[in-house]
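Undergrad: A single structure is presented below for examination.
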Amino acid sequence: LNTRRELWGTDCYGYGNDTDAVYKNIPFYMGLHKNVGYGVFFDNTFRTFFDFGKERKNACSFWAQGGEMRYYFINGPKLMDVCRRYTFLTGRPELPPKWALGYHQSKWSYYPESTVRNLAKEFRNRKIPCDVIHLDIDYMDGFRCFTWDKKRFPNPKKMVSDLKAQGFKSIVIIDPGIKIDKKYSVYNEGVKHGYFCNRGDGPLLKGSVWPGECHFPDFTNPKVRDWWATLYKGLIEDGIAGVWNDMNEPAIFEDGSFPFDARHDYDGHPCTHRKVHNVYGSLMAQATCEGQKLYLDNKRAFTITRSAYAGVQRFASVWTGDNLATWEHLKIANIQCQRLSASGISFAGSDVGGFIGSPNGELYTRWIQMAVFHPFFRTHSSGDNGDKEPWMFDEKYVNVVRTYIELRYQLLPYIYSTFWQYATDGSPMIRSLNLVDQSDSESYFREEEFLLGNNILVAPVSAEGISSKKVYLPKGKWYNYWNDELIKGKQEIEANTPLDQMPIFIKAGAVIPFQP
Ligand code: GLC
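The sequence shown begins at 208 in my numbering and counts up one residue at a time.
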């Protein structure tokens, strides 16, 4: 209550609890009125605002800076059905490759090749499960997308295939900015065919990002999306198994984003950037996903994107951007993933441990414990303050971290089935307690507990040095995972939280498949 939210995709490096707007733009909210759950999807890509009692007490309102007042009212009356039907409208995902539900390791950046190979070796030597290694911007030749820095990675194909032999998939980052460089084929093709965005008065739009001055593809043009898709051919032939799209709010260093007068095709309905800004990132992710499919020989694509508009779940997973290594941010990540999941985007996760700064062993361990239950599970860091691999902490932390990553793998059949349910009927994978029992007013104020799928409830530990924590169990009967105690729901209990225990409860009567 008493809040107003703005949707205008923003590169909000080091955001906080009150930051508004953030990276993603999902013009959808849910409400509960006399136990009737409903949802409103505002089908409008302009800058939008949602106001809950701030403009006028006791009133919800929403508006946009352009476009049509076209919105969908979804009458649940169950909130879970609101979520499902919202995805009926905006789309459901395909099943991802199973490995994408495993553990991912990332840093800005792992290079050169020997560092990547050592990283892989360390995981195997230390017997910490890991399926995916992400290569951040420094694998490229001067940040030119779709190239390799041949000094750092002299034979990428060989490296990727050796990693594959050790059971690792490789993912590379691709940003939208294309370096202005007459010796660079992607730049030349883009200019020749008119694939880049223009300013209102004619010239090509320019903006500085990692490579320096860049032009930017107009992803709202279907021809540009087709072209962008074909650019992935080389990377896929090198064995790359998935793609990470970043900076697609779109972000520009000095100015924040594109000027309003930038021109876009908008699938043959030309318009300015005001109409496109919020959907630019999603369309980039769409083209990226389609590109992988062109060359993956019927294997499943995997894309992750930072910016997103409603419906992005058809093409990509998401992460919550440049967060901080603090306890507060562990809580923020928890809430963000619950809300994203209710908004059609279940395949979400945060930079485990925090992107900016260094977590201590305890914070890292608690974050890993939570993220085991987030569909996208990746450690990533800015690399500014040293490394953040699971073994960078004292042995007692490393052992717990290993056990939890193992738990993630043991639970994969359950997580995969939960994903199947999401892909099939749109059921959110992560569920806030209010989705589980909307008639229980206690659940409205419980933000930390959540369910993964139908049967597992967790309560992440979000404070340092605590040996127990209050947990609210919704209706029904629950087994304490750690000691098999059967507990009646609709009550608050005190759960033990020694370092190796995050509160986990299993719904009575459930069958949870485990794998080795
Ligand atoms: C942005 C991304 C971050 C990435 C960095 C370098 O800050 O959010 O994840 O590591 O750019 O590519």
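Where a beta carbon is used, it is the ideal one built from N, C-alpha and C, also for glycine.
(1) Within the continuous beta strand (DSSP E) that includes GLY488, where are the two ends?
(2) From the DSSP output, in three-state form, read off GLY556 for me.
(3) Can you give me the start and stop residues for the alpha helix (DSSP H) that TYR571 sits inside?
(4) Which word fits GLY528, buried or exposed, when buried means at least 16 other C-beta atoms lie within 10 angstroms of its C-beta?
(5) Residues in the same chain with beta-carbon distance under 6 Å from TYR629, minus the five sequence neighbours each way, listed in chain order, please.
(6) ASN485 and TYR516 - do their beta-carbons sit closer together than 9 Å?
(7) On the DSSP letters alone, give me the boundaries of the alpha helix (DSSP H) that ASP382 sits inside.
(8) Determine the DSSP secondary structure at TRP627, reduced to helix, strand or coil.
(9) Does the count of Cβ pairs from the region 255-266 and the region 294-312 closer than 8 Å reach three?
(10) Measure the CB-CB distance between PHE426 and MET347 and report whether it falls below 9 Å.
(11) Could you spell out the range, first to last residue, of the alpha helix (DSSP H) harbouring GLY441?
(12) Suppose contacts are defined by Cβ-Cβ distances below 9 Å. Is VAL519 in contact with SER489 by that definition?
(13) Between which two residues does the beta strand (DSSP E) containing CYS544 stretch?
(14) On the three-state DSSP scale, how would you describe ILE622?
(15) I'd like the list of long-range same chain contacts for SER464, defined as Cβ closer than 7 Å, with 5 residues on each side in sequence excluded.
(16) So the beta strand (DSSP E) HIS476 belongs to, where does it begin and stop?
(17) Would you check whether the ligand GLC has a heavy atom nearer than 8 Å to the C-beta of TRP315?
(18) Can ASP529 be considered in contact with the ligand GLC, in the sense that its beta carbon sits closer than 8 Å to one or more heavy atoms?
(19) Below 8 Å, is the gap between the Cβ of TRP417 and the nearest heavy atom of the ligand GLC?
(20) Do the region 222-235 and the region 528-538 meet, that is, are 3 or more Cβ pairs less than 8 Å apart?
(21) In three-state terms, what does DSSP make of TYR516?
(22) Quick check: what's the CA-CA separation for LEU411 versus SER550?
(23) What does DSSP give as the partner residue(s) for ALA271 in the beta ladder?
(24) Is ILE380 near the ligand GLC, with its Cβ less than 8 Å from a heavy atom?
(25) How about CYS404 and ALA469: do their beta carbons lie closer than 9 Å?
(26) Would you mind reading off the limits of the beta strand (DSSP E) that contains MET366?
(27) Whose C-beta lies closer than 7 Å to the C-beta of ASN251 among residues of the same chain, with five residues either side of it excluded?
(28) Could you tell me whether the region 569-579 touches the region 648-667, where touching means 3 or more Cβ pairs closer than 8 Å?
(29) Run the CB neighbour count on TRP627, radius 10 Å, all protein chains shown included, and call it buried at 16 or more, exposed below.
(30) May I ask whether a heavy atom of the ligand GLC can be found less than 8 Å away from the beta carbon of ILE344?
(31) Less than 9 Å separating the beta-carbons of ILE340 and LEU370?
(32) Please state the DSSP three-state secondary structure of ALA702.
(33) Which complete beta strand (DSSP E) runs does the region 627-700 hold, if anything under 3 residues is left out?
(34) Once the 5 residues before and after ILE387 are set aside, which same chain residues still bring their CB inside 8 Å of it?
(35) If we ignore side chains and look at the alpha-carbon of each, how far apart do ARG406 and PRO477 end up?
(36) Using a Cβ-Cβ cutoff of less than 8 Å, which residues in the same chain neighbour THR437 once the five nearest sequence positions on both sides are dropped?
TA: A quick look at the data gives this:
(1) Numbered from 1 along the sequence shown, position 281 holds the residue referred to as residue 488. Premise fails: GLY488 lies in the alpha helix (DSSP H), 480-502, not in any beta strand (DSSP E).
(2) Here residue 556 corresponds to residue number 349 of the sequence shown, with the count starting at 1. The answer is strand: DSSP assigns GLY556 an E or B state.
(3) By 1-based counting over the sequence shown, the position of residue 571 is 364. Element bounds for TYR571: 568-578.
(4) As a working note, residue 528 is residue 321 in the sequence shown. With 16 or more other Cβ atoms within 10 Å, it is buried.
(5) Residue 629 sits at position 422 when you count from the first residue of the sequence shown. Cβ neighbours of TYR629 beyond the five flanking positions: SER553 and MET636.
(6) Mapped onto the sequence shown, residue 516 falls at position 309. Mapped onto the sequence shown, residue 485 falls at position 278. Against a cut-off of 9 Å, the Cβ pair of ASN485 and TYR516 comes out as a contact.
(7) Counting from 1 along the sequence shown, the entry for residue 382 is found at position 175. Careful: ASP382 lies outside any alpha helix (DSSP H) and carries neither H nor E.
(8) Locating residue 627 in the sequence shown gives position 420, counting from the first residue. Correct three-state label for TRP627: helix.
(9) no
(10) Along the sequence shown, one-based indexing puts residue 426 at 219. Along the sequence shown, one-based indexing puts residue 347 at 140. No. Outside cutoff.
(11) Taking the first residue of the sequence shown as 1, we reach residue 441 at position 234. Taken as a continuous stretch (DSSP letters only), the alpha helix (DSSP H) holding GLY441 covers 440-444.
(12) Taking the sequence shown and counting its residues from 1, one reaches residue 519 at position 312. Taking the sequence shown and counting its residues from 1, one reaches residue 489 at position 282. A contact, by the Cβ cut-off of 9 Å.
(13) Reading the sequence shown from its first residue, position 337 is the one you call residue 544. First-last for CYS544: 534-549, but that is the alpha helix (DSSP H), not the beta strand (DSSP E).
(14) Position 415 of the sequence shown holds residue 622. Three-state DSSP puts ILE622 in a helix.
(15) Walking along the sequence shown from the start, residue 464 turns up at place 257. Cβ neighbours of SER464 beyond the five flanking positions: GLU456, PRO457, ALA458 and HIS484.
(16) Here residue 476 corresponds to residue number 269 of the sequence shown, with the count starting at 1. Looking at the DSSP string, HIS476 is not in any beta strand (DSSP E), and its letter there is neither H nor E.
(17) Sequence index remark: in the sequence shown, residue 315 carries index 108 (1-based). Because some heavy atom of the ligand GLC lies under 8 Å away, the Cβ of TRP315 counts as near it: yes.
(18) The count along the sequence shown starts at 1 and reaches residue 529 at position 322. Checking every heavy atom of the ligand GLC against the Cβ of ASP529, one is found closer than 8 Å.
(19) Translated into positions along the sequence shown, residue 417 becomes position 210. Under cutoff, so the answer is yes.
(20) yes
(21) The count along the sequence shown starts at 1 and reaches residue 516 at position 309. TYR516: strand per DSSP, three-state reduction.
(22) The residue given as residue 411 occupies position 204 in the sequence shown. The residue given as residue 550 occupies position 343 in the sequence shown. In a straight line, the C-alpha of LEU411 is about 35 Å away from that of SER550.
(23) Walking along the sequence shown from the start, residue 271 turns up at place 64. DSSP lists THR255 as partners of ALA271.
(24) Looking up residue 380 in the sequence shown gives position 173. Yes, since a heavy atom of the ligand GLC falls inside the 8 Å radius drawn around the Cβ of ILE380.
(25) Position 197 of the sequence shown, counted from the start, is the residue given in the question as residue 404. Position 262 of the sequence shown, counted from the start, is the residue given in the question as residue 469. Result yes, Cβ atoms of CYS404 and ALA469 sit closer than 9 Å.
(26) Position 159 of the sequence shown holds residue 366. Looking at the DSSP string, MET366 is not in any beta strand (DSSP E); the run it does join, the alpha helix (DSSP H), is 363-372.
(27) Taking the first residue of the sequence shown as position 1, residue 251 is located at position 44. For ASN251, where only same-chain residues beyond five positions count, the Cβ hits under 7 Å are PRO234, ALA271, GLY274, GLU275 and ARG277.
(28) yes
(29) Here residue 627 refers to the residue found at position 420 of the sequence shown. Exposed: under 16 other Cβ atoms inside 10 Å.
(30) Locating residue 344 in the sequence shown gives position 137, where the first residue counts as 1. Because some heavy atom of the ligand GLC lies under 8 Å away, the Cβ of ILE344 counts as near it: yes.
(31) Here residue 340 refers to the residue found at position 133 of the sequence shown. Here residue 370 refers to the residue found at position 163 of the sequence shown. Result yes, Cβ atoms of ILE340 and LEU370 sit closer than 9 Å.
(32) Position 495 of the sequence shown, counting from 1, holds the residue named residue 702. DSSP places ALA702 in strand when its eight states are reduced to three.
(33) 637-639, 657-659, 663-665, 675-680, 684-687 and 693-695
(34) Numbered from 1 along the sequence shown, position 180 holds the residue referred to as residue 387. Around ILE387: TYR394, LYS413, GLY419, GLU420, CYS421 and HIS422.
(35) For this step, residue 406 is matched to residue 199 along the sequence shown. For this step, residue 477 is matched to residue 270 along the sequence shown. If you take the alpha carbons of ARG406 and PRO477, they lie about 13 Å apart.
(36) Numbered from its first residue, the sequence shown carries residue 437 at position 230. Around THR437: GLY498 and LEU501.
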